[in-house]
Structures are given as structure tokens and as C-alpha cells.
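As given, the protein sequences belong to chains E and S, one line each in that order.
Heads up: take any position in the first sequence, counting from 1, add 3, and you land on our numbering.
Heads up: take any position in the second sequence, counting from 1, add 298, and you land on our numbering.
Here's the structure, in C-alpha cells; my notes come after.
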Amino acid sequence: SQTIHQWPATLVQPVGSPLSLECTVEGTSNPNLYWYRQAAGRGLQLLFYSVGIGQISSEVPQNLSASRPQDRQFILSSKKLLLSDSGFYLCAWSVGWDREQFFGPGTRLTVL
Amino acid sequence: GESVGLHLPTLSVQEGDNSIINCAYSNSASDYFIWYKQESGKGPQFIIDIRSNMDKRQGQRVTVLLNKTVKHLSLQIAATQPGDSAVYFCAENAGGTSYGKLTFGQGTILTVHP
Chain E
4 SQTIHQWPAT
14 LVQPVGSPLS
24 LECTVEGTSN
34 PNLYWYRQAA
44 GRGLQLLFYS
54 VGIGQISSEV
64 PQNLSASRPQ
74 DRQFILSSKK
84 LLLSDSGFYL
94 CAWSVGWDRE
104 QFFGPGTRLT
114 VL
Chain S
299 GESVGLHLPT
309 LSVQEGDNSI
319 INCAYSNSAS
329 DYFIWYKQES
339 GKGPQFIIDI
349 RSNMDKRQGQ
359 RVTVLLNKTV
369 KHLSLQIAAT
379 QPGDSAVYFC
389 AENAGGTSYG
399 KLTFGQGTIL
409 TVHP
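Right, here's the structure in full:
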């Protein structure tokens, strides 16, 4: 069966510090991968998606970047965090464009 | 632009009652819809999906209805249980060149009282 992992689960970082969040998927090959951000009490905003290794598409201009160094690994990064980067970050995968997406457990990021 | 929204931000029901959560969408090109359940501090969990060539789909204790004429989606939960308490999101996929991008609604908080 397929599983998706995210770490860390929680993170508190000072403004201006770098960020690296990792997401890995097991049990499937060549998945579509997604990064979402969820503000408190809100819906999910798509940040990045990837259809393959090294292929990243950005949905919104922001202080973040994404990379996919391996087929089942998706990384969310920032060189300098802003207060507005605080939120709940979710990674998801799907087997195709028109299929359901499965979400990881999320990372709660607080920027102080 | 396209958007997916919910009519009711909160819903409180008694255990054993049936629950209905509604969702409106604005993109007539959307051809795939999903309902997710999200418990506090966790990632969304897939509940059920429906494609635009259907108007009803049933799962275990859940039914999704799609009315393309009025661009409305609903999730019915039968015999609601306290464990069903969560935030429920609808999401739409416009297909085509949207590359599987889901647009999520704001969510409805379902509270089930024992």
C-alpha cells in the first residue's frame, strides 16, 4: 500500500532563517506531487506541483521554492522565512491528473 | 476566477442524525469533484469522489450528489457519529490543462453531539 511521510511534524523558526520541509511517498512510482499551505481555519492553497524529477510548477509567487531530487521525494524550501510563511504545510500525491490526491500528515510551521 | 465555496460554515447535529454538507462551484469546466475530511492537526482524508458524468455516488454511510445545472455538490452522511466531527472540504478539478490542480472550498465544520 502507498504511504506518504512528512517531516518535521512541527517547526518553530525565526524570521530570516532558512527552511527545508521534506515529503516522501512509498509504494508507488512516478506520482504527481503537490505542496499546499493551509492558513488557520481556511482551505488549502496549492503552492507547487511536480509531474516528474526536476519538474516543478509554481502556482503563486512567494518566498518559497520546491525541488524534486528523486521520484518520490518532494522538498519545500526557503532561503529567508517571513512571518507570513507561518501555516500548515501539506504534501500530497496522486497517480494521475484526474485522480484523487492523498495527503500527508502535514508540518505545522510557526515563524517568530 | 474559479472558486469553490460552501453554503454553511458550521453544522451541528445529534448522533444518529443524517448530515448534509453543501458546496457550490463556479467553474462549469470542472469535471471531477472530491470530498475530504480533515480532523484537527491532521492532513485531509479522502472520503468520496464523483465525476461530472454522474449525479450520484454512494460509499459507506456517505453519498455525494452533483447537480451540474446549478453547480452544486453535496455530501450526505448517514447516521452521523461523534467520530465524524471534523472539517469537510469539497474540491474541484477543472481537468484539461489544469494538470490535476484541485481548488478547495473554505470548509464546513461538522460537530456531532452525543
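Even glycine gets a Cβ: it sits at the ideal position worked out from N, Cα and C.
These figures come from a predicted structure and were not determined experimentally.
For Ser70(E), same chain residues with a beta-carbon under 6 Å away, outside a window of 5 residues either side, are Ile78 in chain order. Membership of Asp347(S) in the beta strand (DSSP E) is indicated by the continuous run 343 to 349. Residues of the region 97 to 111 of chain E with a C-beta atom less than 9 Å from some C-beta of chain S are Ser97, Gly99, Trp100, Asp101, Arg102, Glu103, Gln104, Phe105, Phe106, Gly107, Pro108, Gly109, Arg111, listed in chain order.
For the region 15 to 46 of chain E, the residues whose beta carbon sits under 7 Å from a beta carbon of chain S are, in order, Asn35, Arg45, Gly46. Here Ser310(S) carries a strand assignment [DSSP, helix/strand/coil]. Note on the region 40 to 109 of chain E: there is no whole alpha helix (DSSP H) run with a minimum of 4 residues. Neighbours of Leu93(E) in chain S, taken as residues whose beta carbon is under 8 Å from its own, are Gly341, Pro342 in chain order.
Annotation: the continuous beta strand (DSSP E) that includes Glu29(E) extends over 22 to 29.
A straight-line Cα-Cα distance of about 28 Å links Ala392(S) and Leu309(S).
Near chain S, meaning a CB-to-CB distance below 9 Å, the residues of the region 62 to 89 of chain E are Glu62. Contact check for Lys354(S) and Ile345(S): beta-carbon distance about 15 Å, past the 8 Å limit, so the pair fails to qualify. Cα atoms of Ile318(S) and Pro17(E): separation of roughly 43 Å, rounded to the nearest angstrom. Of the residues assessed, Trp10(E) falls on the exposed side of the cut-off, its CB having fewer than 16 other CB atoms within 10 angstroms. Interface flag for Asn316(S) against chain E is unset, since no Cβ pair is found closer than 8 Å. Against Leu50(E), chain S offers no close residue; the least beta-carbon distance is about 11 Å (beta-carbon pairs closer than 7 Å). Near chain E, meaning a CB-to-CB distance below 7 Å, the residues of the region 314 to 338 of chain S are Tyr330, Ile332. The beta carbon of Asn351(S) does not come within 8 Å of any beta carbon belonging to chain E, so the residue lies off that interface.
In this structure, Gly19(E) keeps its C-beta atom at 8 Å or more from the C-beta atom of Asn33(E).
Below 8 Å, enough C-beta pairs join the region 78 to 97 of chain E and the region 22 to 30 of chain E to call them touching: three or more.
Leaving aside the five residues that flank Thr13(E) on each side, the residues in its chain whose CB is nearer than 6 Å to its CB run, in chain order, Arg111. Counting of Cβ neighbours within 10 angstroms places Glu337(S) among the exposed residues, the total staying below 16. Taking a Cβ-Cβ threshold of 8 Å, the residues of chain E close to Gln404(S) are Arg45, Gly46, in chain order.
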